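No gaps in the numbering here: position 23 of the sequence shown is 49 in my numbering, and each next residue is one more.
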Amino acid sequence: MLIVEIFAAVLLSLGALFFLIGTVALLRFPEVYTRLHGVTKCDTLGLGLVLGGLILYEGATLASVKMVFIIVFVFLTSPTAAHALARATYKHGVKLWEKSVVDRYRELGNGDI
Numbered sequence: 027m028l029i030v031e032i033f034a035a036v037l038l039s040l041g042a043l044f045f046l047i048g049t050v051a052l053l054r055f056p057e058v059y060t061r062l063h064g065v066t067k068c069d070t071l072g073l074g075l076v077l078g079g080l081i082l083y084e085g086a087t088l089a090s091v092k093m094v095f096i097i098v099f100v101f102l103t104s105p106t107a108a109h110a111l112a113r114a115t116y117k118h119g120v121k122l123w124e125k126s127v128v129d130r131y132r133e134l135g136n137g138d139i
């Protein structure tokens, strides 16, 4: 095995680990906001690592260029979509977890439902 293939395998494994951590976060966290936060962070990073490993394994091809565009697209849209979902959920009236100590959205005057 070449060093590049070993590094690609490490990136693929780390990406799979982050997907697993995101799944555990989805099952363990108490309410929609923390679940959304955990899954978004882990899945975005996990996909970046998996595609990075595939790019290394594939080499300089058209498929690698497409994967770079996918990484950029996901890194730009995933946090934006998560923010939009969280804001819509808040506006819809879903309450924060009872142990949450800070509600910055309501403090800014945007929490009127």
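Glycine residues also receive a C-beta, built at the ideal position from the N, C-alpha and C atoms.
Note that the coordinates shown come from a computational prediction; the quantities given were computed from them, not determined experimentally.
Collapsed DSSP secondary structure at residue i in the structure displayed
i, result
"F175", "The shown model of the chain, from 27 to 139, leaves out residue 175, and the question about it has no answer."
"L102", "helix"
"K67", "helix"
"S39", "helix"
"T49", "helix"
"G85", "coil"
"V94", "helix"
"K117", "helix"
Length of the line joining the Cα atoms of residue i and residue j
i, j, result
"T115", "W123", "13 Å"
"L77", "I97", "7 Å"
"V127", "V100", "31 Å"
"G64", "A89", "29 Å"
"K125", "P56", "10 Å"
"G74", "A107", "17 Å"
"V58", "K121", "9 Å"
"S87", "L134", "One point to set straight first is that residue 87 is Thr, not Ser, in the sequence displayed. Distance between the alpha carbons of T87 and L134 is about 49 Å."
"G211", "T103", "Outside the shown range of the chain, which is 27 to 139, sits residue 211, and nothing can be said about it."
"K117", "L62", "16 Å"
"A110", "M27", "44 Å"
"T60", "R54", "10 Å"
"L46", "L71", "12 Å"
Q.
Counting beta carbon pairs with one atom in the stretch 73–83 and one in the stretch 48–55, are three or more of them shorter than 8 Å?
A. Remark: fewer than three beta-carbon pairs, one from each stretch, lie closer than 8 Å, so the stretch 48–55 and the stretch 73–83 are not flagged as touching.
Q | Meets three-Cβ-pair contact criterion under 8 Å: the stretch 31–39 and the stretch 92–100 | A | No: fewer than three Cβ pairs fall under 8 Å.
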